[in-house]
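Chains as they are written, first to last, in my numbering: chain A, 1395 to 2340; chain B, 4 to 520; chain C, -10 to 143; chain D, 12 to 88.
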């Protein structure tokens, strides 16, 4: 299969009305603002080019693309010359051929001639253009001044920079500026000596580069090229799939060489990422081949015994029989399941079907419990649907962007680049976050207002902003009257107007000057289209749901829902956490957010599945662990989740798991939860199976199998094996059949099927008769629930209080290079950037504890103690410390408490009272944990007879 | 107490004007420091105020104070305006230069200062633009683009803010008119920019001065401070270059003011529509802006009446290089090259015959005496394969080696290239290497590479002298038609004019001893 | 190596003027105050103007005026442009280079004097010209070369 | 940390406190609706058991909620 490279039109698409002109005698019409180069490419006339590529603004430096225009002197560059009505263009003539050969002769007089052994051989634009212009001789010779001695920079683990191959077209510098927005590259020097440099002409790894790969993708030669291409050679086929890391849902071309993945290149037509990527999706896919991958099922009687490798038949039969036994001994509700936010929609649907149809109860939950369950509750209560209102592209129309409790440049980097592009066009930014995240101030980006509030006071802050908007008459009265429940509004307006909710009243509590709060509120209300983006810093609180509703109130009060550039947009953490919720992973609702007590909905499932279903809500994860320690919950099926590391209060989780009799874990690696498992079923990566993910803007995108699963089965096949071993008689042969079932049973997915997804590339639900092409933006002329519902959100302080024993407040977050519990990214070269969790602490707090940067410190809360190294920074305010939970050996979650959101039990990761003291070594818990983990990971290979 | 006038222009100071001024002060005179009159062969110059008139003596030194004061000094010139070099000039823009104390506001007002601005304020913006159009004023920086049309585009483009940018990067060798005006009559430039601000609706202006002009930078900053009240609400600030000739190109200049590498931007968008910080911007040379006060004060017609063909008004021509009467000669277009070099310039300073004249700085063509009939006019010079540029004329006597000058043109381009576009970045360096081979009569041997058996296609044989000359012409063709801006695009003018008019020098027979590299 | 705190306070004071597109003026001011732009100051300048270090480094490396190392005690900038060449600057350049014991475009090993090229000082009728420690000197002949040499050796 | 009984009481109290702005009766009703929607049968049964167990300390809010819950779900206890 020949490797088809995506066509490069040379300059970005333009939006003006049609302009007609003639190119080489052919009449065509293109939008005004289109370059002559792009117009020609649209009619298969590919004008030679090297510095032009359609992901970047035209630059006009290589001078290969010169054309002749009748009535105009000279030879203008077609990339920088927009079309004009009636223009007559000639792209070929003897004069032009001579000029192009002249330019190419200059290029090749200063370029290596080792094409046949070059890693870009066959995939190099300089090589292509030298052929296109018919270069046969370099009369200047090769002895003149040149750049052939520059030494290679191999500091970055993923790509190599070879300055000798550089033609100084600046596409990399412009990609780092326009596409990524980091501006880590520049041209160093000028004239002939010009060369590309990272930061202050240092190695890529030590520079400001965030390794997103945009420059490597933009580079026309092998000056910047992926190491995997150098090792394996150019790819021979490509498959479009979706990244399995964060909730942005970047579409990629997996470029293969036979069964071997050579590189992941962001797909230009990806609707969420438009051809951009970050270090994780672009490069950190090596974990699929990592030696830690468990490929054979394993079983053991008790968790202190070593694992025994067994056949699939034996493992599956064991699981089925154990579950039936437990239900016989302890009752139908004694077992449950946890779906994965990292697996596909089809797989999460099957796991909740296994629980509901197979186990006969609703004890199914998902990791969304610990991240955006408050979003589901809050947005459903106010708008009527548990998902964000806009698509990502809507940010391009925002005049004001409010980011609260989120760090997009680390958590959602590709969307952060799109947001930065809008900010650099002049949109205003408000950041509400205890930490000075990068967006507050980084090159060319500066927030108009940063409200560094004390962790846990979100509701007080948002209610105060509402107070300003209502009391200063900034409410969009017409919008509220027409679109919202005016009675609920009146009650809410009266509540927020109370002086007790004024910025002045809460200044002492939040630590933010009232004037700043008033200014931010006025900007949000009057600054034009205003969009709110929020993350786990909003949801992971004891008032997570109240905060989401407070956000919705602000948006409704100012008419900022239902049009481009506005909306309430949860930045959901994982690649399919939205999908996991959509598929009915919560214990209280079926797919499509319909409560299990909804008789009509339940009847539909019962009729389709041929079995009576439990109308009562099931157990949430924390409740399952409580029930386990009570002895009434004995068996669990955990697919693609590591609750021991990711869930709060690790000791409580460990106790719960230890009390169970059949813990089944399905994952790629022996994760922390597997230390307490009795059966380990090997999982498959997103490269090894078909399916769909749904990103944070409700966009359903296809995941396509590019290689056979190393463990033998796609995860959906394993769930089917278990189900059939329990007698459920499932007959799926391809995930598309599962999606047909989902569509059959879920109104918002009615129109979704693989054929439509292949045709359109992606669909944003709801997709049904009312919206056959999907719904980019929701609540356009009315809210899903009819009238927008204002909810009074009274500030109830968390019971997690600082005091003499625990004077500091710990909040948590994530970092660009690592992902969630780090299972995947820790097994890639990303450890170059973040090989251990660090405790960020303010200089004052460090000083009066005698702590210097890099020292080992003990971090204690009333829930537990761990040790890690300090990082002294004024990013955090005095009295606030911060860390990540990417590395199991820090066991950060032994610190977090069992407090959680009042409505959804989403854990209060963001507020834990702690004490920090210099330490001399790992805490007792860490030591006992490591001993247990070592002991539990022993594996005895399958008997030779197998 | 006798009042005497001594120039503090950078050239005058370099020739000892400060010492002369001190000597007269020590002798009890009241010394007024002025700009330079603009004829350097008679500097250091002093003008003594005697019964209402100013009697000039020059060149004189500190030792001549007594003889000057008693009127007996042999270098007595009398009224400077009567001196032949000045009598035949039409000083519309440089009228006050050398006459007034540059920073004295009263002096400026007493000599026609602010008349133009007052006239402009009495007119609507469109009327001011119409006046500039009617004057026929064209860009004095070198492009010769009608100034009025540029202003019209900025006026017609609405935006929340607009800017007036003065290009004072004057990097061409042989040009110093901008420097002389900024040091000698800074308020004239300020008045011109204020008028432009009023005409197009801009409230702020920048003057981008090259760092090699310390005196001009200081003069403009002081003048801006003192005249702020006169031009309010229009405000001005000076920005200093940092050693990059390419920032004389208008879009590179804008990038430089914005704090970036001085790289040339592709057009469109035109700066008049999307210029500084993306806002509509008037970018004009010092002389274009300094010509505006006269046009508003005396009327467009007075300006347009002077000139030749489509080149209306006067051009402050700078006669430089190996010339006897080097200096600033403002006259209407149409004067011939020969008149400028032989009659007004007085031939070479070395006394040897004139062999070549470069017009328009390092990117201008070289003209042999056989082309001295050419009238000073944008179109005439263009047809003759050259350009007027910033109207600098550099005279060479017969000792010049034109192959060396062609090489220097390529070397200058290589030193100053911004490095963005291929024809200029790589072409200039290859041009230097190529001319060295031509001059050394050492055409390129068959390269070690071409001789390798693996290289099958490229022409292996050694190259001939004529083939190298043809390659130089091809390179010039690629640079001229391929380059993104005039730096790479015009470097072929001096190279090809030297090759065409002085073919004998390229025989390599009499190359000038190489300068110490 | 200049003291970083000193540079930081200087930068903070300069940036408080709130000048738009302040990088070149700030680099000129830093070089004027401290003799050159120390690479260690680049992160401070980048942060003060909210630019990336790459952008600041790109600008410093583009403009020939900016020095990243301490200059020689004396700097002679001799004009190499066409007008001065027509009046014999090539020979003067060779003579001056010999007298000062430093090749054009270099600083002498002992740091006493640097001979740098400049392309036109706007004194094009009275060349060969030079700036000797920012003081303009015209019509340079052998005698002038002697004077300049003794002046910069002091 | 909290025992399971204490946690259940705490959960009910926390929900009740967050509905408090609606006034006592409305807050109790809203909390009951919430529990019906989200608590599984065993947790509800555990709540009723705590009502009958004198040793268990319940805030008046939690107690009122559990009592209303028992009436509404018609649970025998």
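Beta carbons are placed, not taken as given, at the ideal position from N, Cα and C, and that holds for glycine.
| Asked | Found |
| --- | --- |
| Report the residue from 135/B, 430/B, 395/B and 409/B whose alpha carbon sits nearest the alpha carbon of residue 1497/A. | 430/B |
| By Cβ distance below 7 Å, which residues in the same chain neighbour residue 364/B in space, the five residues on each side in sequence not counted? | 175, 176, 177, 178, 392, 393 and 395 |
| Which residues bound the beta strand (DSSP E) around residue 1844/A? | 1843 to 1845 |
| Alpha carbon to alpha carbon, how far is residue 519/B from residue 1494/A? | Reliability fails at residue 519/B, whose pLDDT of 35 lies under 50, so the model's placement of it is uncertain and the value that follows must be treated cautiously. Going by the C-alpha atoms only, they are around 37 Å apart. |
| Can you find at least 3 beta carbon pairs, one from the segment 1763 to 1772 of chain A and one from the segment 2024 to 2032 of chain A, that sit closer than 8 Å? | no |
| Please identify the residue among 77/B, 329/B, 237/B and 74/B whose C-alpha is closest to the C-alpha of residue 346/B. | 329/B |
| Mark residue 2076/A as exposed unless 16 or more other C-beta atoms lie within 10 angstroms of its C-beta, in which case mark it buried. | buried |
| Could you round the C-beta distance between residue 2008/A and residue 1756/A to whole angstroms and report it? I think they count as a contact, below 8 Å. | 5 Å |
| Determine whether the Cβ of residue 7/C lies closer than 8 Å to any Cβ atom of chain B. | no |
| In chain D, which residues lie less than 9 Å from residue 1727/A when you measure between Cβ atoms? | 51, 52 and 53 |
| Using beta carbons (cut-off 8 Å, strictly below), is residue 48/D in contact with chain A? | yes |
| Whole angstroms is fine: what's the gap from residue 474/B's alpha carbon to residue 2228/A's? | 55 Å |
| Counting only Cβ pairs nearer than 8 Å, list the residues of chain A close to residue 31/C. | 1594 |
| I want to verify the contact list: residues of chain G whose CB lies under 7 Å from the CB of residue 13/D, in sequence order. | You won't find chain G in this structure, because its protein chains are A, B, C and D. |
| When burial is assigned at 16 or more other CB atoms within 10 Å of the CB, is residue 1447/A buried or exposed? | buried |
| Fully enclosed by the segment 1617 to 1698 of chain A, which beta strand (DSSP E) runs are 3 residues long or longer? | 1618 to 1620, 1631 to 1636, 1645 to 1651 and 1654 to 1660 |
| Can you check whether the C-beta of residue 2322/A is within less than 8 Å of a C-beta belonging to chain D? | no |
| Of all the options 196/B, 243/B and 14/B, which has the alpha carbon lying nearest to the alpha carbon of residue 236/B? | 196/B |
| Could you say which of 2090/A, 1810/A and 2042/A lies nearest to residue 2158/A if we only look at CA atoms? | 2090/A |
| Using a Cβ-Cβ cut-off of 8 Å, state whether residue 95/D counts as contacting chain A. | Past the boundaries of the shown model lies residue 95/D; chain D is included only from 12 to 88, so the question cannot be answered. |
| Count the other CB atoms, across all protein chains shown, that sit within 10 Å of the CB of residue 1734/A; report buried if there are 16 or more and exposed otherwise. | buried |
| Residue 1537/A to residue 1546/A, Cα distance in whole Å? | 21 Å |
| Could you tell me which chain B residues have their CB closer than 7 Å to the CB of residue 72/C, listed as they occur along the chain? | 176, 177, 323, 324 and 397 |
| Count the other CB atoms, across all protein chains shown, that sit within 10 Å of the CB of residue 2266/A; report buried if there are 16 or more and exposed otherwise. | buried |
| To the nearest angstrom, report how far apart residue 1934/A and residue 2207/A are at their CA atoms. | 10 Å |
| Under 8 Å between the Cβ atoms of residue 1429/A and residue 1404/A? | yes |
| In this structure, does DSSP put residue 1878/A in helix, strand or coil? | strand |
| Quick check on residue 65/C: does DSSP put it in helix, strand or coil? | strand |
| Using a C-beta cutoff of 8 Å, does residue 58/D count as contacting chain A? | no |
| Compare the C-beta of residue 1582/A with all C-beta atoms of chain C and state if any pair is closer than 8 Å. | yes |
| Would you verify that the beta carbon of residue 2011/A is, or is not, closer than 8 Å to some beta carbon of chain D? | yes |
| Classify residue 1570/A as helix, strand or coil using the three-state DSSP reduction. | helix |
| For residue 437/B and residue 70/B, I'd like the C-alpha separation in whole angstroms. | 58 Å |
| Throw me the rounded Cβ distance for the residue 30/D and residue 59/D pair, which I believe falls under 8 Å. | 21 Å between Cβ atoms; not a contact. |
| Residue 98/C: buried (16+ other C-beta within 10 angstroms of its C-beta) or exposed? | exposed |
| Per the contact definition of three or more C-beta pairs closer than 8 Å, is the segment 2257 to 2271 of chain A in contact with the segment 2311 to 2324 of chain A? | yes |
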